[in-house]
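Colleague: Encoded as structure tokens, here's the structure I'll be asking about.
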Amino acid sequence: MRRSTSLQVALDRYPLVDEWLQLLGNLGRSPATLDAYGRGVTHYLAYCTSSSVAAAAATLEDVSLYVRDLLPDGSAAVANSTLHQRLTAIRLWYDHLIFQGLCSKNPVPRGQTSTFRRIPDHAGFSRGLVARLIKLPHVPTEDEWLSILRAAASDTVRNRLMLAFAYYGALRRCELVALRTDDLDFAHRLITLRAETTKGKRSRVVCYSPTITSVLARHLQDSRSVAVNAGPLFRSVSDRNYGQPLTKWSWSKTVERWATTAGVSGFSTHSLRHLRLTHLARSGWKLHELSTYAGHRDPKTTVVYLHLSGSDLSARMAGSVAHIDSRIGSQLFGGE
């Protein structure tokens, strides 16, 4: 597994963590997951060392002191999502130690999703150690979206097609760069996402607009000069990686460049997915339709796009209390 220098230096100090990550890698965990787990556990072990705590014998109190440092007012504060990511890695690490017979008890309680299930040792942590903050994803305004499109309009055919595919299919960046020519149904303008390339490990089918059909044909023609076989839909044309599948990092840099040119902050590869799902919700798509198109395991994840679209909320307001709202508005502002 390819690792950054800083992570490898940390893992050299903790060979057991390195062996654990190698095991997870053998079982098919993604490099990004392994990187996050490695950083989370080594950060925790460094804290244990500095606090003179034997990690294998750590208690819930020791873990709580570590968490305290990571909370917003702590000395090493991190984002709520980062904190949960680290706690997940540490919990799984302790599970591994218990399996190996190196630890007798996991000091990180595992939250339960059901109120009918309780943690035997401490029911007070039935929802985990730290509350999870659920925030609405950032969706660009219409003006920001048009600015992004203008910035991308002068780019290469390949990059513009990638933007179109990412938006039309609400694709994650890993799904986009993993597309192959034989994933496309040209007759019906459909894209089949293979299970091994999706986050939920489930295949799904999305579509693309007929407006890009001729450009797609030109791209496929140009691709034959880069590689003879069908293979990946989007390939690198750089001297260093000529003909190789484009990486998700290259795609991220391209989108970042567009956002910088357009002067739009907070825009990333995932913004295209958020934007498409929000647009579909505004156009009247139902929850189950959105959930299927997005590839969400749990429809609760999809509900956020109904909130972002405002369509469900507006419709309910109009059909229930519109006359009450109108009367209040008339009383307050009727003469203005």
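Residue numbers 821 to 1156, in the working numbering, belong to the letters of the sequence shown in order. Think of the CB as a built atom: it goes at the ideal place given N, C-alpha and C, for glycine as much as any other residue.
According to DSSP, is L1010 helix, strand or coil?
Modeller: Within the sequence shown, numbered from 1, the residue matching residue 1010 stands at position 190. Residue state, collapsed to three classes: strand.
Colleague: In its own chain, which residues sit with a C-beta less than 6 angstroms from the C-beta of N900, not counting the 5 before and 5 after it?
Modeller: Residue mapping note: residue 900 aligns to position 80 of the sequence shown, counting from 1. Taken in chain order, the residues that qualify are L953.
Colleague: Return the first residue and the last residue of the alpha helix (DSSP H) that R906 is part of.
Modeller: As a working note, residue 906 is residue 86 in the sequence shown. Counting along the chain, the alpha helix (DSSP H) containing R906 begins and ends at N900 to F919.
Colleague: Quick one: what does DSSP say V887 is sitting in, helix, strand or coil?
Modeller: Here residue 887 refers to the residue found at position 67 of the sequence shown. The answer is helix: DSSP assigns V887 an H, G or I state.
Colleague: Whose C-beta lies closer than 6 angstroms to the C-beta of L1092 among residues of the same chain, with five residues either side of it excluded?
Modeller: Numbered from 1 along the sequence shown, position 272 holds the residue referred to as residue 1092. Result list for L1092: A986 and Y987, in chain order.
Colleague: When DSSP labels each residue in this structure, what does L1004 get in the three-state scheme?
Modeller: Here residue 1004 corresponds to residue number 184 of the sequence shown, with the count starting at 1. Note: L1004 maps to strand in three-state DSSP.
Colleague: In whole angstroms, give me the CA-to-CA distance for H958 and H1094.
Modeller: Residue numbering aside, residue 958 sits at position 138 when the sequence shown is read from its first letter. Residue numbering aside, residue 1094 sits at position 274 when the sequence shown is read from its first letter. Rounded to the nearest angstrom, the two C-alpha atoms are 8 angstroms apart.
Colleague: Kindly indicate which three-state DSSP category P1065 falls into: helix, strand or coil?
Modeller: Start at 1 with the first residue of the sequence shown, and residue 1065 comes out as number 245. Strand, per DSSP.
Colleague: Can you tell me where the beta strand (DSSP E) with V1025 in it begins and where it stops?
Modeller: For the purposes of this step, residue 1025 is identified with residue 205 of the sequence shown, where counting begins at 1. Unbroken beta strand (DSSP E) run through V1025: R1024 to C1027.
Colleague: Between E839, L996 and L969, which has its C-alpha nearest Q920's C-alpha?
Modeller: Taking the sequence shown and counting its residues from 1, one reaches residue 920 at position 100. Nearest option by C-alpha distance: E839.
Colleague: Taking all protein chains shown into account, decide if Y864 is buried (16 or more other Cβ within 10 angstroms of its Cβ) or exposed.
Modeller: Here the question's residue 864 lines up with position 44 in the sequence shown. Buried.
Colleague: Within this structure, are the beta carbons of L956 and V1124 separated by less than 8 angstroms?
Modeller: Here residue 956 refers to the residue found at position 136 when the sequence shown is read from its first residue. Here residue 1124 refers to the residue found at position 304 when the sequence shown is read from its first residue. Cβ distance < 8 angstroms, so L956 and V1124 count as in contact.
Colleague: Excluding five sequence neighbours on each side, which residues of the same chain lie with their C-beta closer than 6 angstroms to the C-beta of T1081?
Modeller: Within the sequence shown, the letter at position 261 stands for residue 1081. Counting only Cβ-Cβ distances below 6 angstroms, and skipping sequence neighbours, we find A971.
Colleague: Note down the Cα distance separating D882 from L949, rounded to an integer number of angstroms.
Modeller: For the purposes of this step, residue 882 is identified with residue 62 of the sequence shown, where counting begins at 1. For the purposes of this step, residue 949 is identified with residue 129 of the sequence shown, where counting begins at 1. Each residue's Cα considered, the two are about 13 angstroms apart.
Colleague: For A876, which residues in the same chain have their Cβ closer than 8 angstroms to its Cβ, ignoring the five residues on either side in sequence?
Modeller: As a working mapping, residue 876 is identified with position 56 in the sequence shown. L917, L922 and C923.
Colleague: For the region 839-873, list the alpha helix (DSSP H) runs that are entirely contained and at least 4 residues long, ordered along the chain.
Modeller: Entirely contained in the region 839-873, the alpha helix (DSSP H) runs reaching 4 residues are, in chain order, 851-870.
Colleague: Between the region 1048-1068 and the region 1014-1031, do three or more beta carbon pairs fall short of 8 angstroms?
Modeller: They do not touch, by the three-pair rule.
Colleague: Does DSSP classify I939 as helix, strand or coil?
Modeller: Taking the first residue of the sequence shown as 1, we reach residue 939 at position 119. Reliability fails at I939, whose pLDDT of 47 lies under 50, so the model's placement of it is uncertain and the value that follows must be treated cautiously. Here I939 sits in coil by DSSP.
Colleague: Taking Cβ positions, are L1040 and R1000 nearer each other than 8 angstroms?
Modeller: Start at 1 with the first residue of the sequence shown, and residue 1040 comes out as number 220. Start at 1 with the first residue of the sequence shown, and residue 1000 comes out as number 180. In this structure, R1000 does not lie closer than 8 angstroms to L1040 by Cβ.
Colleague: Using only the alpha-carbon positions, how far apart do A830 and W1071 sit?
Modeller: Position 10 of the sequence shown, counted from the first residue, corresponds to residue 830. Position 251 of the sequence shown, counted from the first residue, corresponds to residue 1071. About 29 angstroms.
Colleague: Note down the Cα distance separating T976 from G1083, rounded to an integer number of angstroms.
Modeller: Position 156 of the sequence shown, counted from the first residue, corresponds to residue 976. Position 263 of the sequence shown, counted from the first residue, corresponds to residue 1083. Going from the Cα of T976 to the Cα of G1083 covers about 20 angstroms.
Colleague: Roughly how many angstroms lie between the CA atoms of K1019 and G894, to the nearest whole one?
Modeller: Your numbering for residue 1019 matches position 199 in the sequence shown. Your numbering for residue 894 matches position 74 in the sequence shown. Using only the alpha carbons, I get a separation of about 33 angstroms.
Colleague: In this structure, what does DSSP give as the bridge partners for P1052?
Modeller: Within the sequence shown, numbered from 1, the residue matching residue 1052 stands at position 232. DSSP output for P1052 lists R1000 as bridge partner(s).
Colleague: By DSSP, does L949 sit in helix, in strand, or in coil?
Modeller: In the sequence shown, counting from the first residue as 1, residue 949 sits at position 129. Coil at L949, not helix or strand.
Colleague: Helix, strand or coil, according to DSSP, for V1123 in the structure here?
Modeller: Locating residue 1123 in the sequence shown gives position 303, where the first residue counts as 1. If DSSP states are grouped into helix, strand and coil, V1123 belongs with the helices.
Colleague: Go to E1109, then tell me how far its alpha helix (DSSP H) extends in each direction, as first and last residue.
Modeller: What you label residue 1109 is simply residue 289 of the sequence shown in a count that begins at 1. Note, E1109: alpha helix (DSSP H), L1107 to A1114.
Colleague: Using alpha carbons as the reference points, say which of R1102, S826 and A1079 lies closest to L966.
Modeller: Indexing the sequence shown from 1 puts residue 966 at position 146. Measuring from the Cα of L966, the nearest candidate turns out to be A1079.
Colleague: For the alpha helix (DSSP H) containing N979, name the first residue and the last one.
Modeller: What you label residue 979 is simply residue 159 of the sequence shown in a count that begins at 1. Taken as a continuous stretch (DSSP letters only), the alpha helix (DSSP H) holding N979 covers V977 to Y988.
Colleague: For the alpha helix (DSSP H) that contains L1040, what are its first and last residues?
Modeller: Translated into positions along the sequence shown, residue 1040 becomes position 220. Looking at the DSSP string, the run of the alpha helix (DSSP H) that includes L1040 is T1033 to S1043.
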